[in-house]
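Number of protein chains: 2
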Amino acid sequence: MKLTLALDAMGGDHGPVEIIPAALSALEKHDDLRLILVGREDIIGRLLREHGVDVGERLKIHHASEVVEMHELPSLTLRNKKDSSLRVSINLVKDGVADACVSAGNTGALMATARFVLKMLPGIDRPAICATMPGIHGNTHLLDLGANVDSTSEQLFQFAVMGTELTSAVNNVSNPSVALLNIGAEEIKGNDRVKQAAALLANSHLNYVGFVEGNDIYTGKVDVIVCDGFVGNVALKASEGVAEFLNHNARMEFRQSFYGRLAALVSMPILKAIRRNIDPRRYNGASLLGLRGIVLKSHGSADKVSFAHAIDEAIVEVEKNVPQRISARLEKLFAEG
Amino acid sequence: MKLTLALDAMGGDHGPVEIIPAALSALEKHDDLRLILVGREDIIGRLLREHGVDVGERLKIHHASEVVEMHELPSLTLRNKKDSSLRVSINLVKDGVADACVSAGNTGALMATARFVLKMLPGIDRPAICATMPGIHGNTHLLDLGANVDSTSEQLFQFAVMGTELTSAVNNVSNPSVALLNIGAEEIKGNDRVKQAAALLANSHLNYVGFVEGNDIYTGKVDVIVCDGFVGNVALKASEGVAEFLNHNARMEFRQSFYGRLAALVSMPILKAIRRNIDPRRYNGASLLGLRGIVLKSHGSADKVSFAHAIDEAIVEVEKNVPQRISARLEKLFAEG
Chain Y
1 MKLTLALDAM GGDHGPVEII PAALSALEKH DDLRLILVGR EDIIGRLLRE HGVDVGERLK
61 IHHASEVVEM HELPSLTLRN KKDSSLRVSI NLVKDGVADA CVSAGNTGAL MATARFVLKM
121 LPGIDRPAIC ATMPGIHGNT HLLDLGANVD STSEQLFQFA VMGTELTSAV NNVSNPSVAL
181 LNIGAEEIKG NDRVKQAAAL LANSHLNYVG FVEGNDIYTG KVDVIVCDGF VGNVALKASE
241 GVAEFLNHNA RMEFRQSFYG RLAALVSMPI LKAIRRNIDP RRYNGASLLG LRGIVLKSHG
301 SADKVSFAHA IDEAIVEVEK NVPQRISARL EKLFAEG
Chain X
338 MKLTLALDAM GGDHGPVEII PAALSALEKH DDLRLILVGR EDIIGRLLRE HGVDVGERLK
398 IHHASEVVEM HELPSLTLRN KKDSSLRVSI NLVKDGVADA CVSAGNTGAL MATARFVLKM
458 LPGIDRPAIC ATMPGIHGNT HLLDLGANVD STSEQLFQFA VMGTELTSAV NNVSNPSVAL
518 LNIGAEEIKG NDRVKQAAAL LANSHLNYVG FVEGNDIYTG KVDVIVCDGF VGNVALKASE
578 GVAEFLNHNA RMEFRQSFYG RLAALVSMPI LKAIRRNIDP RRYNGASLLG LRGIVLKSHG
638 SADKVSFAHA IDEAIVEVEK NVPQRISARL EKLFAEG
């Protein structure tokens with residue numbers, strides 16, 4: 001299946017320096033892929049020449065004169081930077097020139113712009129950010145990761161629908177299990193929104209399995225975990241923090257004695273394998289769900305390996321037509337409900 | 338300083354089998370400590386005889402006929418189990434027989450009972466659960482860890498006061514830095530409650546340093562991090578989950594080849610050191626803050642090492658008179674305000 005992706009070549013901490021090599025490796029890997037590099041033609045052109053690559057049928061440059069900085073306010077971006085690489089990438093999706101776009105740029109700006117340009121699917125209030133989390137017994141899709149705060153129970157329900165469709169499309173699971181993230185230990189578990197969302201889910205035809213706690217994000221015991229964006233963002237960042245702390249601790253211990261350095265040398269292949277298994281680059285590419293179009297958010301610090309993975313994610317979502325599946329499921333739920 | 342602690346000897350997954358050895362090692366470590374083991378006299382008496390220990394001036398048994406199970410509803414416990422080891426332990430604090438109590442029992446029941454029996458400090462709406470989190474550059478006190486959901490901005494402010502006083506008492510820091518847990522990436526960062534709490538904190542004499550994100554729980558860059566209990570609980574459990582996942586992954590890699598097993602053997606002292614540094618048992622003992630009395634919550638699965646650490650925590654809080662410090666700080670803030 002021939003497909004075209006627009007890449008925001010200027011986004012992220014490294015911009016085209018990492019995105020262009022990622023694009024070139026994606027073109028090698030996927031025969032039917034066409035890429036449009038969106039951004040400053042002079043910069044992108046020069047980098048392509050440095051890589052000894054010409055533009056052509058499968059690789060084009062689409063000029064955009066502006067760049068959204070990582071800490072700009074989304075509302076100002078939306079108003080003042082109409083020719084940013086981020087916005088033009090989304091425009092190409094809207095205009096049907098590209099089937100999806102991938103950006104490592106400012107999350108807030110990407111979300112606000114995607115919502116403004118592409119609009120929401122009918123029945124969805126707000127976009128949600130969804131990512132794949134690795135776990136002991138398999139992967140879990142977690143959403144929302146920070147697009148929304150104070151999500152209502154209806155919104156949590158919509159997240160469950162979107163997560164279900166994304167997971168069934170991408171992981172080829174026919175009826176993915178969905179759980180609500182909640183806290184233990186309390187008599188009246190959780191807050192009202194979670195409890196009301198549980199009632200909505202229990203009465204739906206989704207494969208709702210109940211509440212899970214934070215640790216279950218990494219057990220893989222359910223396919224989809226739904227939470228408010230504030231909670232999901234904190235869970236994700238806390239996880240990054242604890243992984244970094246453990247890593248720091250291990251490095252210190254292996255380094256601080258001669259014996260430790262020897263042990264590190266002996267263990268190198270094993271340590272590398274451990275690192276490879278849990279390499280966050282392999283999970284890069286969060287989906288902005290609920291839009292009338294496919295938008296993938298790459299981590300801002302993505303390198304070429306990482307960005308290439310986000311491109312792979314975008315390809316699968318195009319092939320499976322995730323927005324259309326979400327729409328169809330919502331229609332079905334409304335017809336049933 | 339002579340002090341007396343009441344230990345809920347029946348609480349937790351292991352009950353007196355782990356709590357009695359913890360009590361005996363605490364008595365050895367602290368010359369001025371007296372302990373009251375609260376629970377079934379027959380069971381506790383038999384276990385003491387097995388350890389070859391007699392009751393006496395420093396170690397007493399206080400009979401309580403009932404036991405609160407780990408998954409009982411707090412409200413039912415409160416109504417129906419008035420002679421539980423959990424409740425009687427708290428009664429001993431209320432009656433001035435013990436200076437503090439430690440329980441590994443049902444968190445919800447402990448909180449509801451402590452609140453009912455001891456009452457809140459003036460100016461504090463609800464108790465908060467606070468624990469020490471290890472980090473790259475030092476420890477951080479994080480609260481609330483699940484006692485409250487949908488905390489108001491005033492409650493978040495109260496958590497900041499309580500966390501400040503606990504940290505300055507326990508860590509001997511004169512003016513601990515306090516941050517609010519928030520999410521990044523968004524234009525209007527966080528929800529209304531967090532933003533309003535930020536305004537309250539900025540106008541106070543607390544050492545408020547602004548927002549941090551989830552990863553900062555493990556950097557140790559601030560002394561106290563304040564959040565709603567739903568968020569804090571998920572962050573804590575997600576951290577446990579990611580640590581367990583990384584641990585599982587490392588174990589698999591070291592075990593699955595002959596070379597891996599060899600490397601594990603060579604690295605054993607280093608791996609043990611890593612494990613020791615991050616041993617959650619060293620951080621066991623969460624404080625229930627805001628009460629007119631000192632109550633420590635041990636992890637339900639605590640073993641003797643872990644429970645002994647919670648006893649150590651209780652001793653420090655008694656020595657520093659944490660509830661009185663919180664009261665004094667609140668009075669001062671109100672006087673200033």
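For the record, the sequence lines run as chains Y and X.
Read in the working numbering, the first sequence has 187 at position 187, and its numbers run on one by one without any break.
Count along the second sequence from 1, then add 337; that gives the number in the working numbering.
Beta carbons are placed, not taken as given, at the ideal position from N, Cα and C, and that holds for glycine.
- As the crow flies, the alpha-carbon of SER298/Y is around 32 Å from that of GLN533/X.
- With 16 or more neighbouring CB atoms inside 10 Å of its own CB, ARG40/Y falls in the buried class.
- A Cβ-Cβ separation of about 3 Å places GLY472/X in contact with GLY557/X under the 8 Å criterion.
- Using a 10 angstroms sphere on the CB of VAL579/X, the tally of other CB atoms reaches 16 or more, which defines it as buried.
- Nearest CB-CB separation between ASN509/X and chain Y: not below the 7 Å threshold.
- Within the stretch 609 to 638 of chain X, the residues whose Cβ lies closer than 7 Å to some Cβ of chain Y are ALA610, ILE611, ASN614, ILE615, listed in chain order.
- In the structure shown, HIS585/X falls within a helical segment according to DSSP collapsed to helix, strand and coil.
- Assigned with DSSP and collapsed to three states, ASP345/X falls in strand.
- Under the Cβ distance rule, VAL603/X counts among the residues neighbouring chain Y, one pair being separated by less than 7 Å.
- The beta strand (DSSP E) runs lying completely inside the stretch 504 to 560 of chain X and spanning 3 residues or more are 514 to 518, 544 to 549, given in chain order.
- Residue pairing by DSSP puts VAL226/Y in a beta bridge opposite LEU143/Y, LEU180/Y.
- Chain X has no Cβ within less than 7 Å of the Cβ of ASP125/Y.
- Between ASN621/X and SER643/X, the gap from beta carbon to beta carbon is short of 7 Å.
- For THR444/X, the uninterrupted alpha helix (DSSP H) segment begins and ends at 444 to 455.
- In the assembly as shown, GLU331/Y is an exposed residue. Its beta-carbon has fewer than 16 other beta-carbons within 10 Å.
- ALA202/Y sits exposed, since fewer than 16 C-beta atoms from the chains shown fall within 10 Å of its C-beta.
- With a beta-carbon spacing of about 6 Å, ALA98/Y and ILE36/Y fall inside the 8 Å limit used to define contacts.
- Measuring C-alpha to C-alpha distances from TYR555/X to each of HIS474/X, PHE595/X, MET407/X, GLN495/X identifies HIS474/X as the nearest.
- Non-local C-beta neighbours of CYS564/X in its own chain, meaning closer than 6 Å and more than five positions away in sequence, comprise LEU518, ordered along the chain.
- Taking C-beta atoms as the reference points, ASP345/X and SER412/X fail to come closer than 7 Å.
- Straight across, the Cα-Cα distance linking HIS351/X with ALA639/X is about 8 Å.
- Leaving aside the five residues that flank LEU480/X on each side, the residues in its chain whose CB is nearer than 6 Å to its CB run, in chain order, ALA465, CYS467, PHE496, GLY500.
- Chain order gives no chain Y residues near THR450/X, where near means a beta carbon separation below 8 Å; the closest approach is about 12 Å.
- Contact of ILE562/X with chain Y by beta-carbon distance below 8 Å is absent, the smallest such distance being about 10 Å.
- Taking the Cα of ARG126/Y as reference, the smallest distance to any Cα among MET1/Y, LEU156/Y, LEU59/Y, VAL318/Y is reached at LEU156/Y.
- A distance of 7 Å or more separates the beta carbons of ALA64/Y and MET111/Y.
- Between the stretch 350 to 370 of chain X and the stretch 161 to 178 of chain Y there are fewer than three inter-stretch CB-CB distances shorter than 8 Å, so the stretches are not counted as touching.
- The Cβ neighbour count for SER174/Y, taken over all protein chains shown within 10 Å, is under 16; the residue is labelled exposed.
- Three or more Cβ pairs closer than 8 Å define a contact, and the stretch 382 to 392 of chain X falls short of that threshold against the stretch 413 to 422 of chain X.
- The beta carbon of ILE129/Y sits no closer than 7 Å to any beta carbon of chain X.
- Among the bridge pairs identified by DSSP, THR132/Y is matched with HIS141/Y.
- With respect to chain X, the C-beta atom of PHE159/Y has no partner C-beta closer than 7 Å.
- If you draw a straight line from the Cα of ASN91/Y to the Cα of VAL117/Y, it is about 7 Å long.
- Spanning the alpha carbons of GLY348/X and ILE183/Y requires a straight line of approximately 21 Å.
- Interface annotation for the stretch 188 to 220 of chain Y against chain X: GLY190, ASN191, GLU213, GLY214, ASN215, ASP216, ILE217, TYR218, THR219, criterion Cβ-Cβ distance under 7 Å.
- With fewer than 16 other CB atoms across the displayed protein chains lying within 10 angstroms of its CB, HIS542/X is exposed.
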